[in-house]
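I have placed the structure first, in the form of structure tokens, so that the comments after it can refer back to it.
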Amino acid sequence: MLSFSAFGTLGIVHSSEERADFTSNLFKPNGAGYTHAWSPDVDSKVGGQIIASLTSQLSAMVQAISEQNYDGSFTPHVEWANLKYQFTQDASVRVGRIVLPSFLFSQSRNVAYTNPWVRPPSELYSLVPVDSSDGGDFSYALHSGRVNQTWVGTYGVTDSKKPGGGTGKARRLWTISDTIEAGSLTAHLTYQQGNLTISNLHTLFGAFRRFGAQGDALADTYDPYNRRLTFFGAGAMYDPGSWFLIGEWGTSEFHSVLGKSTAWYASTGYRLAKLTPYLTYGQLRGTSNRSDPGLNASSLPPALAGRATGLNTALNSILGSIADQKTVSIGTRWDVLKDVDLKVQYDRTRLGAGSPGTLINLQPGFQTGGTVNLFSVAIDFVW
Amino acid sequence: MKIRSLLATVASALLSVGGNAAAADIVAVVSSASAITELSKAQISEIFLGRVSRFPNGALAVPIDQEEGSQARDEFYLAYTGKSPAQLKAHWAKIVFTGRGQPPKAVPNSSEIRRLLAANPQAIGYLERSAVDSSVRVLIQP
Chain A
894 MLSFSAFGTL
904 GIVHSSEERA
914 DFTSNLFKPN
924 GAGYTHAWSP
934 DVDSKVGGQI
944 IASLTSQLSA
954 MVQAISEQNY
964 DGSFTPHVEW
974 ANLKYQFTQD
984 ASVRVGRIVL
994 PSFLFSQSRN
1004 VAYTNPWVRP
1014 PSELYSLVPV
1024 DSSDGGDFSY
1034 ALHSGRVNQT
1044 WVGTYGVTDS
1054 KKPGGGTGKA
1064 RRLWTISDTI
1074 EAGSLTAHLT
1084 YQQGNLTISN
1094 LHTLFGAFRR
1104 FGAQGDALAD
1114 TYDPYNRRLT
1124 FFGAGAMYDP
1134 GSWFLIGEWG
1144 TSEFHSVLGK
1154 STAWYASTGY
1164 RLAKLTPYLT
1174 YGQLRGTSNR
1184 SDPGLNASSL
1194 PPALAGRATG
1204 LNTALNSILG
1214 SIADQKTVSI
1224 GTRWDVLKDV
1234 DLKVQYDRTR
1244 LGAGSPGTLI
1254 NLQPGFQTGG
1264 TVNLFSVAID
1274 FVW
Chain B
138 MKIRSLLATV
148 ASALLSVGGN
158 AAAADIVAVV
168 SSASAITELS
178 KAQISEIFLG
188 RVSRFPNGAL
198 AVPIDQEEGS
208 QARDEFYLAY
218 TGKSPAQLKA
228 HWAKIVFTGR
238 GQPPKAVPNS
248 SEIRRLLAAN
258 PQAIGYLERS
268 AVDSSVRVLI
278 QP
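Protein chains in written order, with the numbering used here: chain A, 894 to 1276; chain B, 138 to 279.
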């Protein structure tokens, strides 16, 4: 038996910052602000899914999404593709591509109809640089009284292409997560670990290694080549029907130039018939050192000293641009039609001192540490 | 005396979860051949939201829905789960698009519910009280 379903979002975003782009994930090359005054690329997407039930226990799933890709194209990519074997009502194993359960809304984040907001808060949801895994997962549900718990474990690898030509590779990537549901309360705990390589930064640190022992020492500290990433997250949602309160916190450490960051948000909304106005506060802090003296250029011959200074500048620009920001968002969801909602959201983001926050494509004249106003309108559907 | 009973009504309405007063005529039912006689509102809600797949006695539970857009369905979910049609849609979209399950099978009317319940003692459904007959058992809520 085959079941088809689809979802999508048609959205447009305006940013007050004209010298940088705001976008919604780490894989998009541009967005609202510098590239487009009003960008349809931040949130718009369409996805389709087929599930084939092969036997009562075995099923196959494929979900493809068309959205702005790393190279600006809209060629559909496969988001999920796996075979699932359901051993019992409470235990299953999937083999293939799965989306990682890092946060409360990670696995369903593309189906904006299921979220209260236009998009999950960027502060927390930008914390983990990987979002899917080719390998598999297992799921085991436990029931005791009114408490239902679902343990999920994932293991796999992932390769992704980044805007500007770089690639990201994650190896030995695993997750263990627990989702606890008790009446109106849902809680989610996650630990995730993997070894990551970011190719274009690795090239930069290759240049450091030509400066002997001091260059090697810097590269050993900062080169994101097969380096351990760890993430711990905890979140909870209370939703008795007419209102909701959601809070999530996470901390990630990538043993490289990208360092350590911690983020959280809290959001509340109230349902008035078909309208659900909401208010969210989110914060992201980079907690590693933001500068490094780098190579000692004074001990080098003039020709090499110039190169060393250039490399030091590149290193410090990466350390200095670690995302740090706070956002207050206010918006509303309107359930316009059966299966269709319309959302309007205003975000006011204060960038941390010296930081561009999560903005990309920084242009000459861009001021760090400023304030950015975002205005978003989105129509979401499921079918 | 009248004021006191009015206050009691207001207080119970304020304290009740998810507005159960509006849907007094929707009842949860199983086949009269089923061994299940009582289920709490929370247990019924968890079966219909796909959070549990068994009755408290361990038997498999097969929820059957009324058609989307039907008044019985909207009233049932509001009363038992506190969810509006859009919230229910979002609940299932989250499950479907993460490959974790499918919503209950839906049928167009109450006679279809009764027919499916008669054919399957594991099935559980809901009906307007006026549509209840001897083929089904109304679940007692402790």
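Just so you know, even glycine gets a beta-carbon here, dropped at the ideal spot from N, CA and C.
The C-beta of Ser1025 of chain A comes no closer than 8 angstroms to any C-beta of chain B. Residue pairing of Asn1266 of chain A in beta bridges, as defined by DSSP: A:Arg1241.
Secondary structure note for Leu253 of chain B: its alpha helix (DSSP H) is the uninterrupted segment Ser247 to Ala256. Between Lys1219 of chain A and the set A:Thr1173, A:Asp1273, A:Ile1272 and A:Ile1211, the nearest pair of CA atoms involves A:Thr1173. Not a single CB atom of chain B sits nearer than 8 angstroms to the CB of Val1040 of chain A. Secondary structure of Thr1114 of chain A (DSSP, three-state): helix. Counting the other Cβ atoms within 10 Å of the Cβ of Arg1002 of chain A gives 16 or more, which makes it buried. Residue contact with chain B for Gln950 of chain A: absent (no Cβ-Cβ distance below 8 angstroms to any residue of chain B). Excluding five sequence positions before and after Ser1053 of chain A, the CB atoms of its chain that fall closer than 6 angstroms to its own CB belong to Gly1061, given in chain order. By DSSP's assignment, Ser985 of chain A forms a beta bridge with A:Gln979 and A:Ser1032.
In the structure shown, Asp1228 of chain A adopts extended strand secondary structure according to DSSP, grouped into three states.
Distance between Thr1264 of chain A and His907 of chain A, taken at the CA atoms: about 14 angstroms. Cβ proximity to chain A below 8 angstroms picks out Ala179, Glu183, Arg188, Val189 and Ser190 from the segment 179–190 of chain B.
Within 9 angstroms of the CB of Asn975 of chain A, the CB atoms of chain B belong to Gly236, in sequence order along the chain. Segment contact: the segment 1213–1230 of chain A against the segment 1187–1197 of chain A, fewer than three CB-CB distances shorter than 8 angstroms; contact not assigned. The beta carbon of Glu1141 of chain A does not come within 8 angstroms of any beta carbon belonging to chain B, so the residue lies off that interface. Bounds of any beta strand (DSSP E) do not take in Lys1167 of chain A, whose DSSP letter is neither H nor E. At a C-beta separation below 7 angstroms, Asp1185 of chain A has no neighbours in chain B, since its nearest C-beta there lies roughly 41 angstroms away.
If you check the CB distance, Val1040 of chain A and Ile1073 of chain A come in under 8 angstroms. Between the alpha carbons of Ser1181 of chain A and Lys1055 of chain A lies a gap of roughly 23 angstroms. Along the length of the segment 938–974 of chain A, whole beta strand (DSSP E) runs at least 3 residues long occupy 938–946 and 951–960, reported in chain order.
What Val233 of chain B touches in chain A, judged by beta-carbon distance under 7 angstroms, is Ser898, going in chain order. By the Cβ-count criterion, Gly1250 of chain A is buried, with 16 or more other Cβ atoms from all chains shown falling within 10 Å of its own Cβ. Contact of Lys1231 of chain A with chain B by beta-carbon distance below 9 angstroms involves Glu205, Gly206, Pro222, Ala223 and Lys226. Less than 8 angstroms separates the beta-carbon of Ala260 of chain B from that of Ser168 of chain B. Under DSSP, Leu1066 of chain A takes part in a beta bridge, and its partners are A:Gly1049. Between Ile944 of chain A and Ser896 of chain A, the C-beta gap is smaller than 8 angstroms, which places the two residues in contact. Shown here, Arg1102 of chain A sits in a helix according to DSSP, grouped into three states. In the three-state reduction of the DSSP assignment, Leu1138 of chain A falls in the strand class, which pools E and B. Rounded to whole angstroms, the gap between the alpha carbons of Ile250 of chain B and Ser182 of chain B is 18 angstroms. In the three-state scheme derived from DSSP, where H, G and I count as helix and E and B as strand, Glu1146 of chain A is classed as strand.
Here DSSP, grouped into helix, strand and coil, assigns Ile173 of chain B to coil. Looking at A:Phe900, A:Gln1086 and A:Gly1179, the one whose alpha-carbon comes closest to that of Ala230 of chain B is A:Phe900. Shown here, Ala1196 of chain A sits in a helix according to DSSP, grouped into three states. In the DSSP assignment, Thr218 of chain B falls within the alpha helix (DSSP H) that extends over Gln208 to Thr218. Near chain B, meaning a CB-to-CB distance below 7 angstroms, the residues of the segment 996–1010 of chain A are Gln1000, Ser1001, Val1004, Tyr1006 and Thr1007.
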